[in-house]
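Enquirer: In our numbering, the protein residues as written are 542 to 1162.
Heads up, the beta-carbon is just placed ideally off N, CA and C, and yes, glycines get one too.
Right, dumping it as structure tokens:
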């Protein structure tokens, strides 16, 4: 006998089917069935037919059961819910990666769909290689029982294996040890480059505020870059908060609707390959398949709210001090609009991460990373704003740039896989953006990108490098920026050569690396300027670094990956590790939310040592 899909023949010496058990009126009732055997061979073929009773047909909770299946011999078994058990996880393990199999959970009815071409018709199903797990709830099966069906596919392509042409030779499937073990475990479960506003008119007082005059000095101080009216600047930076709140509403609502649609499709079709859960630790609640992965994001929301309250308290205390004129010209100018935006972004990261984990897959991953880009961008803007309050980007320009980053993220998800043209364009843009930002930091905003930029570059090279060789005016800044450029060029080269499939994570890595580089730049320049870091800020830095280390350890456990097929991803699934409810990725959520909160506190407290220092003695860098 042969199994014949796609006009190819796969010989097996045995064909077997388990007969569906129809309901009977009485135990003694006699039942009959017919067996039809047909062949396309012109020669007579000898067959042997054997009917045997299946003795081990019912599965039991917490008891392993071993069986063998092949493409010509699918297997299914029955499980009855014990009293007091509402949820069970059915686990199937195999010692072999291939052949590819399908595991299905079906209601008790005839016929049982146990063939490769119909196993997906009813119930829940998923492809598997070495591991498979499906969480089953009693409420979904009125008979309080169900069938566990295992079908071995004739092709391995669905599980990421090669599409092979098998030779016509005797069946060796059983000898190869394709033995499956089934466990059934029951348990409960902007930028304005002007120092004055565009609508201000020019007066002779511009000599005190025009940056073209102020910045003729070699070394600038914060007093030189904080000449605008404080009330005007405060309102300007409050726009960051209101804009991100508006963005959050318009971005989040379609995302929520989309992931609910995904979850509905999973529930209606029963296709467990749509979403990449950790099936060995997926606790359903209502229509949600993995509530634990959603619940673990609550830390982002709560800590984001706590940070907003801390910033609000600081804002009130600062305003009272300003009213008493205690801190009029001392310390880093305090504008809290960006801090409010950062707290809001942290809360939105929690919401969108929860949305992603409703149905984690390749297309939904951009929801999980979009506000991570926002957080990284806002943190870099805040670092720049501390020493350059008058010339920081406007909210409109900043969010437009971040929208461009998210736009490239979407393009990378759609077109980035193996597309050399896309990676060349992106790498060029990445390097150019790095150079432009480096120039912005080195000259502190005093340069123009216009048609004469190339002529000015040639003049500088000729004057400073050819005519007379002179060193850079700001050596420390130049060294740090060169190191930053080397890092970014290395990332661009890696992307161009390796072309990683996970473009969203690659883009996020660029954002995080640049944030870390800028943060290191700020700390080094702060210490080089003779400033110190207070005890509270130092404790926050050390605590945050330790928590980030533990968080990344759990992040890289890799419980699932949509860079592989669903069956291959399930090979990485692991059991719950905390309270029999949360897995490694949930711990990453908890720890990373604490680490982000700590990072925000570092930015909030890092310059507290300057609160009593005159601004004309605080270096701008």
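Within 10 Å of its beta-carbon, does residue 798 have 16 or more other beta-carbons around it, so buried, or fewer, so exposed?
Expert: exposed
Enquirer: With a 10 Å radius around its C-beta and 16 neighbouring C-beta atoms as the bar for buried, classify residue 922 as buried or exposed.
Expert: It counts as buried.
Enquirer: So what's residue 1158 in DSSP terms, helix, strand or just coil?
Expert: helix
Enquirer: In whole angstroms, what separates the C-alpha of residue 1152 from that of residue 1072?
Expert: 12 Å
Enquirer: Please classify residue 864: is it buried, with 16 or more other beta-carbons within 10 angstroms of its beta-carbon, or exposed?
Expert: By the 10 Å Cβ count, residue 864 comes out exposed.
Enquirer: Does residue 834 come out as helix, strand or coil in the three-state DSSP assignment?
Expert: helix
Enquirer: Here's the rule I'm using: 16 or more other beta-carbon atoms within 10 Å means buried, otherwise exposed. How should residue 927 be labelled?
Expert: buried
Enquirer: Is it the case that the region 1048-1062 contacts the region 1095-1103, given that we only count it when at least three CB pairs across the two stretches are under 8 Å?
Expert: Result no; under three Cβ-Cβ pairs closer than 8 Å.
Enquirer: Quick check on residue 909: buried or exposed, where buried means 16 or more other Cβ atoms within 10 Å of its Cβ?
Expert: With 16 or more other CB atoms across the displayed protein chains lying within 10 angstroms of its CB, residue 909 is buried.
Enquirer: In angstroms with no decimal places, state the Cα-to-Cα distance between residue 677 and residue 669.
Expert: 17 Å
Enquirer: Going by alpha carbons, who is nearest to residue 833 out of 584, 1125 and 1089?
Expert: 1125
Enquirer: Are the Cβ atoms of residue 660 and residue 631 separated by less than 8 Å?
Expert: no
Enquirer: Hey, residue 619 and residue 598: beta-carbon distance below 8 Å or not?
Expert: The Cβ-Cβ distance between residue 619 and residue 598 falls below 8 Å.
Enquirer: Does any residue of chain C have a CB that is nearer than 8 Å to the CB of residue 553?
Expert: Annotation note: the requested chain C is absent from the structure, which comprises a single protein chain.
Enquirer: Quick one, are the C-beta atoms of residue 612 and residue 553 less than 8 Å apart?
Expert: In contact: residue 612 and residue 553 (Cβ atoms closer than 8 Å).
Enquirer: From the DSSP output, in three-state form, read off residue 661 for me.
Expert: coil
Enquirer: Can you tell me where the beta strand (DSSP E) holding residue 678 begins and where it ends?
Expert: 672-678
Enquirer: Could you give the uninterrupted runs of the alpha helix (DSSP H) lying entirely in the region 837-917, keeping only those of 4 residues or more?
Expert: 839-864 and 878-899
Enquirer: Using the three-state DSSP reduction, which class does residue 1026 fall into: helix, strand or coil?
Expert: helix
Enquirer: Can you tell me where the alpha helix (DSSP H) holding residue 628 begins and where it ends?
Expert: According to the DSSP assignment, residue 628 belongs to no alpha helix (DSSP H) but to the beta strand (DSSP E) extending over 628-635.
Enquirer: Counting only runs that start and end within the region 1049-1107, where is the alpha helix (DSSP H) found for 4 or more residues in a row?
Expert: 1076-1096
Enquirer: Where does residue 595 fall in DSSP's three states?
Expert: Coil.
Enquirer: Which residues bound the alpha helix (DSSP H) around residue 947?
Expert: 936-956
Enquirer: Among 570, 911, 1033 and 1162, which has the Cα closest to the Cα of residue 1063?
Expert: 1162
Enquirer: Let's see if you can read the secondary structure: which residues bound the alpha helix (DSSP H) around residue 803?
Expert: 771-810
Enquirer: Look at the alpha carbon of residue 682 and the alpha carbon of residue 647, and state the distance between them as a whole number of angstroms.
Expert: Cα-Cα distance, rounded: 9 Å.
Enquirer: Give me whichever residues DSSP pairs with residue 668 in a beta bridge.
Expert: 643
Enquirer: My assumption, with CB atoms under 8 Å, is that residue 667 sits in contact with residue 813. Please give the rounded CB distance.
Expert: 4 Å
Enquirer: What's the C-alpha gap between residue 714 and residue 688?
Expert: Confidence is the limiting factor: at residue 714 the pLDDT is only 38, short of 50, which leaves the residue's position unreliable and the question unanswerable from this model.
Enquirer: So the alpha helix (DSSP H) residue 963 belongs to, where does it begin and stop?
Expert: 961-983
Enquirer: Across which residues does DSSP place residue 616 in a beta bridge pair?
Expert: 691
Enquirer: Consult DSSP for residue 1140 and reduce its assignment to one of helix, strand or coil.
Expert: helix
Enquirer: Using CA coordinates, which residue listed in 848, 1111, 837 and 1022 is at the minimum distance from residue 675?
Expert: 1111
Enquirer: In terms of alpha-carbon separation, which member of 943, 1023 and 1040 lies closest to residue 961?
Expert: 1040
Enquirer: Which of the three DSSP states, helix, strand or coil, is assigned to residue 826?
Expert: Reduced to three states, the DSSP call for residue 826 is strand.
Enquirer: Look at residue 1130 and residue 838 and say whether their C-beta atoms are less than 8 Å apart.
Expert: Their beta carbons are under 8 Å apart, which means residue 1130 touches residue 838 by this criterion.
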